[in-house]
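Notes for the one structure printed next.
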Amino acid sequence: MNKVYKPQGYNSVSPYFIVHDAKKLTDLLVKVFNATEKRRYQRPDGSIVHMEMQIDDSVIMMSEATEQFPPIIQVVHVYVQDVDDVYRKALQQGCEGIEDPKERED
Numbered sequence: 012m013n014k015v016y017k018p019q020g021y022n023s024v025s026p027y028f029i030v031h032d033a034k035k036l037t038d039l040l041v042k043v044f045n046a047t048e049k050r051r052y053q054r055p056d057g058s059i060v061h062m063e064m065q066i067d068d069s070v071i072m073m074s075e076a077t078e079q080f081p082p083i084i085q086v087v088h089v090y091v092q093d094v095d096d097v098y099r100k101a102l103q104q105g106c107e108g109i110e111d112p113k114e115r116e117d
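Taking our numbering, the leading residue of the sequence shown gets 12, the next gets one more, and so forth.
Structure representation (C-alpha cells):
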C-alpha cells in the first residue's frame, strides 16, 4: 500500500514567495502565465497570509511580507511552451528583461 505523502496535484517541491504586494504578484501570474488560484487565506486586514497559484503542473505559494517575515529575493526557472509570448506578456506587465529569450543547447 502506498502512503500518501503530498496532496494530489502538487509536485515534490513548491516555491514559496514572501512579497510586499501579493495581489500584484497574483495579477502578474494570471496575465503572464495563465495561472489559476487554488486557495487563499487572508488576514482580517485583507492581506494574504497564504495563497496558492497553479501554473501548468506546478503550484507556487505566497504570502504578504510582515515584520516577522520580510520579503525575500528569489529566482525561479519556469518552463513554458511559447517563451516569446510569455516574455512579451511579462514586459507588457512592467517586468524588466535581463536578456532576450534565445535557443540554447540544453
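Even for Gly, the Cβ is constructed at its ideal location relative to N, Cα and C. Source: prediction; values computed, not measured.
What do you get for residue i, buried or exposed, if any count of 16 or more other CB atoms within 10 angstroms of its CB means buried?
| i | result |
| --- | --- |
| Ser74 | buried |
| Ile71 | buried |
| Val43 | buried |
| Phe80 | exposed |
| Glu63 | buried |
In the structure shown, what three-state DSSP assignment does residue i receive?
| i | result |
| --- | --- |
| Phe44 | helix |
| Tyr98 | helix |
| Lys49 | strand |
| Gln103 | helix |
Residue i: which of the options sits nearest, CA to CA?
| i | options | result |
| --- | --- | --- |
| Asp111 | Asp95, His31 and Ala33 | Asp95 |
| Glu78 | Val60, Val87 and Asp67 | Val60 |
| Gln65 | Val41, Gln53, Arg54 and Glu114 | Val41 |
| Ala33 | Tyr16, Asp117, Gly20 and Gln53 | Gln53 |
With C-beta atoms as the reference, is residue i less than 8 Å away from residue j?
| i | j | result |
| --- | --- | --- |
| Phe28 | Leu36 | yes |
| Asp68 | Asn13 | no |
| His31 | Ala101 | no |
| Lys26 | Val87 | Note on residue identity: the sequence assigns Pro, not Lys, to residue 26. Cβ distance < 8 Å, so Pro26 and Val87 count as in contact. |
| Tyr98 | Gly108 | yes |
Does the ligand COA have even one heavy atom less than 7 Å from the beta-carbon of residue i?
| i | result |
| --- | --- |
| Ser74 | With respect to the ligand COA, the structure offers nothing, as it holds no ligand at all. |
Taking three-plus beta-carbon pairs below 8 Å as touching, is the stretch 83 to 94 in contact with the stretch 45 to 52?
Contact between the stretch 83 to 94 and the stretch 45 to 52 is absent, because fewer than three Cβ pairs lie under 8 Å.
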